[in-house]
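Asks: Numbering (my numbering) for the sequence shown: 15 to 298. Ideal placement from N, C-alpha and C gives every residue a C-beta, glycine not left out. Before anything else, here's the structure in question.
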Amino acid sequence: MTKEMRYGDDYKKLPVYSKNSGEGVEVRPDIYVFTNQIVNLVFIGRPEDNEFVIVDAGMPKRADEIIEAAYERFGEKAKAKAIILTHGHFDHVGSVIELIEEWDAPVYAHPLEMPYLTGESPYPKPDMSVEGGMVAKMSPIFPTNPIDLGDSVQLIPKDGSLPHLPHFKWVHVPGHTPGQIALYRSADRVLISADAIVTTRQEDLTKVLTQRVEISGPPRYLTTDWDAAKLSAQILYELKPDYLISGHGQPVEGEELKEGLERLINNWDELALPDHGRYVDDKD
Ligand SMILES: [Zn+2]
Ligand SMILES: [Zn+2]
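What follows is the structure in structure tokens.
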């Protein structure tokens, strides 16, 4: 490691929880979704192989429980071969430095996300004026300063492939952030959508807490390009996923997923787009 890594100087433990926090669910023999407070990490790999890839890295100051969950699932010889970051928001990179150090794992992200991962540029401030609930209202306390992973973070391959995940492809889904990616495995149509589409309404504290399923657009308070966000959702919809694992909310599959996605895509402006806010033209 040639350069020291550091978190954004506004990173801190945040008092937001869901009822699934600390729990994991196996959605395929080689896919395990672990909820850390309000965000999901995905462990890809079979437990008997003791090796895995991690997609995203949880909330700030939560590394211990994430590492413990990995050893619990993959055994004491467990080793992360790589960490893929869907984007650089604090709730997806919050404990990544400790994970890198634990396993000496390489980290990969999209080129357009690099300024936010190498200490160059902060994200735009969250917009608490969007409607939707308490989480939106408390969003000004969310960290926006960039993490600096130095040269530990590398670019994902241009051809859509992903290191150590031969059956997955990455899909560029900008809007929520410029360089956000989703991961898709066509063989069994598993989609890891990051925050491009989420399965619970992330602005609403009660829904976050109870994890009520509602296929929704990206968290409003942190989404800055709504035209791109709409196109990205459309791209994911056209993949016709059979299993959706999103950055927030429980995994959803089958008919419930199909109906939810159709409803969202056909009513995007009404369901996803804020009526007002810093990053939208007022609808009325
Ligand atoms: Zn995000
Ligand atoms: Zn998120």
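1) Just to confirm, is the Cβ distance from glycine 274 to aspartate 218 under 9 Å?
2) Run the proximity test for threonine 6: is its beta-carbon closer than 8 Å to any non-hydrogen atom belonging to ligand 1?
3) By how many angstroms is the C-alpha of leucine 258 removed from the C-alpha of lysine 244?
4) In terms of residues, what are the limits of the beta strand (DSSP E) holding threonine 49?
5) Suppose contacts are defined by Cβ-Cβ distances below 9 Å. Is glycine 189 in contact with serine 246 by that definition?
6) Taking the alpha-carbon positions, what's the glycine 261 to isoleucine 52 distance?
7) Rounded to a whole number of angstroms, what is the C-alpha to C-alpha distance between aspartate 165 and isoleucine 98?
8) Measuring only the C-alpha atoms, how far is aspartate 141 from phenylalanine 104?
9) Would you grab the beta carbon distance between glutamate 127 and proline 160 for me? Rounded to a whole angstrom, and I think it's under 8 Å.
10) With leucine 131 and alanine 119 assumed to form a contact (beta carbons below 8 Å), what rounded beta-carbon distance in angstroms separates them?
11) Is it true that the segment 34–47 meets the segment 197–205, where meeting means three or more beta-carbon pairs spaced less than 8 Å apart?
12) What separation, rounded to the nearest whole angstrom, lies between the Cα atoms of proline 136 and lysine 172?
13) According to DSSP, is asparagine 54 helix, strand or coil?
14) Checking 9 Å against the spacing of the C-beta atoms, do valine 149 and proline 233 come in under that value?
15) Hey, is glycine 261 close to ligand 1, as in C-beta under 8 Å from one of its heavy atoms?
16) Would you kindly check if the distance between the Cβ of tryptophan 117 and the Cβ of threonine 91 is under 9 Å?
17) What would DSSP say about aspartate 241, mapped onto helix, strand or coil?
18) Closest to arginine 277 by CA distance: which of Tyr235, Asp239, Thr238 and Glu228 is it?
19) For the beta strand (DSSP E) that lysine 183 lies in, which residues bound it at each end?
20) Helix, strand or coil, according to DSSP, for valine 149 in the structure here?
21) Helix, strand or coil, according to DSSP, for alanine 77 in the structure here?
22) Counting C-beta neighbours from all protein chains within 10 Å, is the total for histidine 101 16 or more, i.e. buried, or is it exposed?
23) Measure the C-alpha to C-alpha separation of glutamine 248 and valine 47 and round it to an integer number of angstroms.
24) Look up glutamine 264 in the DSSP assignment and say whether it is helix, strand or coil.
Replies: In short, the structure shows the following:
1) no
2) Nothing about residue 6 can be reported from this structure: the residues present for the chain run from 15 to 298 only.
3) 17 Å
4) 45–50
5) yes
6) 9 Å
7) Taking the straight line joining both Cα atoms gives about 15 Å.
8) Those two C-alpha atoms are separated by around 15 Å.
9) Actually they do not touch by this definition, with Cβ atoms about 10 Å apart.
10) Incorrect: roughly 15 Å between the Cβ atoms, too far for contact.
11) Flag = yes, the segment 34–47 and the segment 197–205 touch.
12) 25 Å
13) strand
14) yes
15) yes
16) Going by the sequence as given, residue 91 is lysine instead of threonine. It is not a contact, given that the beta carbons lie outside the stated cut-off.
17) helix
18) Glu228
19) 183–186
20) helix
21) helix
22) Histidine 101 comes out buried.
23) Computed Cα separation, rounded: 24 Å.
24) Assigned with DSSP and collapsed to three states, glutamine 264 falls in coil, not helix or strand.
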